[in-house]
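> Going by my numbering, the sequence shown opens with residue 6, and the numbers climb by one from there.
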Amino acid sequence: MKRILIDTDIGVDDALAVIFALKSPELHVEAITTVSGNVHVEQCTRNLLITLGCMELKEIPLISQGEEAPLTLPLVTSAHVHGSDGLGGISESLSPDGTRLYPPLEWPLSSMRGPDAIIDLVNRYSGELILVPVGPLTNIAKAMLNNPTAMRGVREIVLMGGVFEIYGNVTTQAEFNIYADPQAAQVVFNFGVPVTMTPLDVTHDVVLTRDRLDAEANQRNTRLIQFLRDSTQACMVYHQGREGVKGLYLHDPLAIGYLLQPDLFDVVDAYVQVETPDNLTRGRTVGNLRAHRADSAPNARVCVGVDADRFLRFFLDRVVDGH
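#1: Please specify which runs of the beta strand (DSSP E), each continuous and at least 3 residues long, are wholly inside the segment 265–322, giving them in chain order.
#2: Cα separation between I123 and L229?
#3: If you run the structure through DSSP and keep just helix, strand and coil, what is V139?
#4: Is E35 helix, strand or coil by DSSP?
#5: In chain order, which continuous runs of the alpha helix (DSSP H) of length 4 or greater are located wholly inside the segment 73–141?
#6: L99 and L213 - do their beta-carbons sit closer together than 8 Å?
#7: For G119 and V44, I'd like the C-alpha separation in whole angstroms.
#8: Could you tell me the distance, in whole angstroms, from the CA atom of H256 to the CA atom of Q238?
#9: How is M165 classed by DSSP in three states: helix, strand or coil?
#10: Pick out whichever of M202, N182, R51, V250 has its Cα sitting closest to the Cα of R215.
#11: How is the alpha helix (DSSP H) around Q48 delimited, first residue to last?
#12: In the structure shown, what three-state DSSP assignment does M202 receive?
#13: How would you call I172, buried or exposed, if buried means at least 16 neighbouring beta carbons within 10 angstroms?
#14: Give me the DSSP bridge partner(s) of K7.
#15: So which of D206, G88, E221 has the shortest CA-CA distance to F320?
#16: Check S236 in the structure and name its three-state DSSP category.
#17: Cα separation between I9 and T177?
#18: Can you tell me where the alpha helix (DSSP H) with L21 in it begins and where it stops?
#19: Which residues mark the beginning and the end of the alpha helix (DSSP H) in which I65 is found?
#20: Would you mind reading off the limits of the alpha helix (DSSP H) that contains N195?
#21: Put Y254 into one of helix, strand or coil per three-state DSSP.
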């Protein structure tokens, strides 16, 4: 069993990644930390509690609220994609009796802020803990800057972020998680612990459609199934209108999928750096992905291909059918 810590700016696909991880017995989610990104960190924490509240969990991970803003730049969000609350607007949905349809789980937050919680758990499970950031890397970078000695004990970082050979999703050059805090991303890539990236180059290959979700969820009427249907609706409408994509990219679940079934992915070693100036190339991830052509010693493994059909089948088996 792999011990992991998920660091998230929980929006729609983040919620799917959290559910995917918690439904996978190969993983033990020790903690979930939140960070500003898709929406402000306070809403991210609320979204996490809403997501957990839709699951019948016997064990709740430690939950810690993290950083409110990037290391140096102003906060940018993506509420236009994920809805004003980051979950497609469902946090305000009401039942016929006027109560919240999706109330947050009543569960205490850790007294430690996100970076401190990360340091504490890395110390506790030195050499074992895998960090899985699926949002901006602010919490991870802060932990590295505050206690580099402890953070050398990270076993691996498996992140969703970056883009190399296709257009970005916030600018033509950049993917949102890296764009939101490029300075933090540069800290992480330069730190020296093993890093694996699932960038847009592979996440854009895996699309969950409304028809597929409805077919898989057919004749099931659990609270979680209804949450999946309701929370994904706004994102699907956004992608249909903007890109003609009839569904939702499973960005963040691919980072979890890599941990569970790495054989589904093609991976190359690369030396990755980040454009940090706040200009037209802000957040661009730069790396030579041609095999055996790295210009410097590799500092990351980059997923460049995925068996999309097998991944989607595996994901749905876990999230929809799993117990």
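The C-beta atom is built at its ideal place from N, Cα and C for all residues, glycine as well.
Values in this document were obtained by computation on a predicted structure and should not be read as measured data.
Working from what's here:
#1: Listed in chain order, they are 270–275, 305–311.
#2: If you number the sequence shown from 1, residue 123 lands on position 118. If you number the sequence shown from 1, residue 229 lands on position 224. About 28 Å.
#3: Taking the first residue of the sequence shown as 1, we reach residue 139 at position 134. For V139, the secondary structure class from DSSP, reduced to helix, strand or coil, is coil.
#4: Translated into positions along the sequence shown, residue 35 becomes position 30. DSSP, read as helix, strand or coil, puts E35 in strand.
#5: Here the runs fully enclosed are 84–87, 119–129.
#6: Counting from one through the sequence shown, the residue named residue 213 turns up at place 208. Counting from one through the sequence shown, the residue named residue 99 turns up at place 94. Taking 8 Å as the cut-off, the beta carbon of L213 is found no closer than this to the beta carbon of L99.
#7: Position 114 of the sequence shown, counted from the start, is the residue given in the question as residue 119. Position 39 of the sequence shown, counted from the start, is the residue given in the question as residue 44. In a straight line, the C-alpha of G119 is about 16 Å away from that of V44.
#8: Start at 1 with the first residue of the sequence shown, and residue 256 comes out as number 251. Start at 1 with the first residue of the sequence shown, and residue 238 comes out as number 233. Looking at the two C-alpha atoms, the distance is approximately 16 Å.
#9: The residue labelled residue 165 in the question sits at position 160 within the sequence shown. DSSP places M165 within a strand segment (E or B) once states are collapsed to three.
#10: Counting from one through the sequence shown, the residue named residue 215 turns up at place 210. Among M202, N182, R51, V250, the Cα nearest to that of R215 belongs to V250.
#11: Here residue 48 corresponds to residue number 43 of the sequence shown, with the count starting at 1. Judged by DSSP secondary structure, Q48 falls within the alpha helix (DSSP H) whose first and last residues are 46–58.
#12: On the sequence shown, residue 202 is found 197 positions in, with the first residue counted as 1. DSSP places M202 in the strand class (E or B) of the three-state scheme.
#13: As a position in the sequence shown, residue 172 is number 167, starting the count at 1. The question names Ile, but residue 172 in the sequence shown is Tyr. Burial state of Y172 is exposed, judged by a 10 Å Cβ sphere holding fewer than 16 other Cβ atoms.
#14: Position 2 of the sequence shown, counting from 1, holds the residue named residue 7. Its beta-bridge partners are L32.
#15: In the sequence shown, residue 320 corresponds to position 315, counting from 1. Proximity to F320 across D206, G88, E221 peaks at E221, based on C-alpha coordinates.
#16: Residue 236 sits at position 231 when you count from the first residue of the sequence shown. Correct three-state label for S236: helix.
#17: Counting from one through the sequence shown, the residue named residue 9 turns up at place 4. Counting from one through the sequence shown, the residue named residue 177 turns up at place 172. Between I9 and T177, the C-alpha separation is close to 32 Å.
#18: Taking the first residue of the sequence shown as position 1, residue 21 is located at position 16. For L21, the uninterrupted alpha helix (DSSP H) segment begins and ends at 17–27.
#19: Looking up residue 65 in the sequence shown gives position 60. Note, I65: premise wrong, no alpha helix (DSSP H); not H, not E.
#20: Here residue 195 refers to the residue found at position 190 of the sequence shown. Start and end: 187–196.
#21: The sequence position of residue 254 within the sequence shown is 249, counting from 1. Here Y254 sits in strand by DSSP.
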